[in-house]
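The opening residue of the sequence shown carries number 1 in UniProt numbering; numbering runs sequentially from there. All C-beta atoms in this analysis are idealised placements derived from N, C-alpha and C, irrespective of residue type, glycine included. This one's a predicted model, so the numbers in the text were calculated from it and none came from an experiment. Reading through the structure tokens given below for one structure.
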Amino acid sequence: MKCPACHGSDLEPKQLETGLIAGSCQQCDGALLSLINYRFWAQNSELSNEVNEESVSVDVPEATEEKAMVCPKCARLMTKFKIGLMTANQLDLCSHCDEAWLDQGEWRLLKQLELHGQLPKIFTESWQRNIRKERMYNLVKQRYVDMMGDEDFDRVEQFKQWLDQHQSREDIKQFLVTSYD
Ligand SMILES: [Zn+2]
Ligand SMILES: [Zn+2]
């Protein structure tokens with residue numbers, strides 16, 4: 001089975017972790033991971049998150065805006081899934097074969113983000129929706145921070161958190177927008 005990323009060499013079995021085998025490409029160091037194998041491993045390993053010094057700063061090649069990858073097993077197009085806002089890297093999944101493609105360094109990135117124990121979560125609509133929501137929030141937030149500065153924005157944000165949990169929040173909002181002069 002040829003590497004779906006670089007097409008340069010065949011995928012060879014390689015241990016990502018003890019008991020977790022993926023089809024790895026010698027040339028680009030990407031890995032094809034069967035989610036069936038992954039689930040079995042995740043259930044049976046203790047997932048001690050040995051974040052060692054070397055993984056503190058993970059050197060992951062910058063993700064590029066590439067076109068969809070073709071699944072090396074079934075030749076269908078794979079779908080890209082964002083990992084999170086903290087990284088531009090995306091994982092590819094063939095939902096037909098339940099195989100995920102990890103580019104070089106992405107397994108270590110997942111470990112660093114402590115997501116290596118919950119890989120399938122990334123491939124859910126709710127995970128992806130949350131990332132979009134967070135990104136929207138950050139965009140809106142940035143606009144207000146630019147307008148009023150960090151310090152004032154912090155105060156507003158704290159007030160908003162308090163307000164959102166207040167049982168009379170609608171009345172308080174009403175009070176805030178009512179002019180009495
Ligand atoms: Zn490759
Ligand atoms: Zn496939």
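Can you tell which of the options has its C-alpha closest to the C-alpha of residue i?
i, options, result
"cysteine 25", "Arg132, Gln104, Thr18", "Gln104"
"histidine 116", "Asp10, Asp29, Glu46", "Glu46"
"residue 183", "Val70, Met86, Gln142, Leu93", "Summary: the structure shown does not reach residue 183, with the chain confined to residues 1 through 181, and so no result is reported for it."
Verify the contact flag: residue i, CB atom, against every heavy atom of ligand 2, threshold strictly below 7 Å.
i, result
"cysteine 94", "yes"
"lysine 73", "yes"
Taking the alpha-carbon positions, what's the residue i to residue j distance?
i, j, result
"glutamate 53", "asparagine 37", "Caution is warranted here: a pLDDT of 44 is assigned to glutamate 53, below 50, making its placement in the model unreliable, and no coordinate value can be reported."
"glutamate 17", "glutamate 99", "17 Å"
"alanine 31", "lysine 82", "17 Å"
"glycine 19", "phenylalanine 159", "49 Å"
"serine 55", "glutamine 174", "Unreliable placement is indicated for serine 55, whose pLDDT of 45 sits below 50; the coordinate value is still reported in the next sentence. Roughly 50 Å separates the two Cα atoms."
"valine 51", "glutamine 27", "Its pLDDT being 48, under 50, valine 51 is placed unreliably in this model, and the value from its coordinates should be taken loosely. Roughly 26 Å separates the two Cα atoms."
"aspartate 146", "methionine 136", "16 Å"
"cysteine 97", "lysine 73", "7 Å"
"methionine 86", "tyrosine 180", "45 Å"
"aspartate 154", "glycine 8", "51 Å"
What does the Cβ neighbour count give for residue i, buried or exposed, with the cut at 16 atoms within 10 Å?
i, result
"alanine 68", "exposed"
"glutamate 170", "exposed"
"alanine 75", "exposed"
"glutamine 15", "exposed"
"leucine 109", "buried"
"alanine 88", "exposed"
Can residue i be considered in contact with ligand 1, in the sense that its beta carbon sits closer than 7 Å to one or more heavy atoms?
i, result
"cysteine 6", "yes"
"serine 168", "no"
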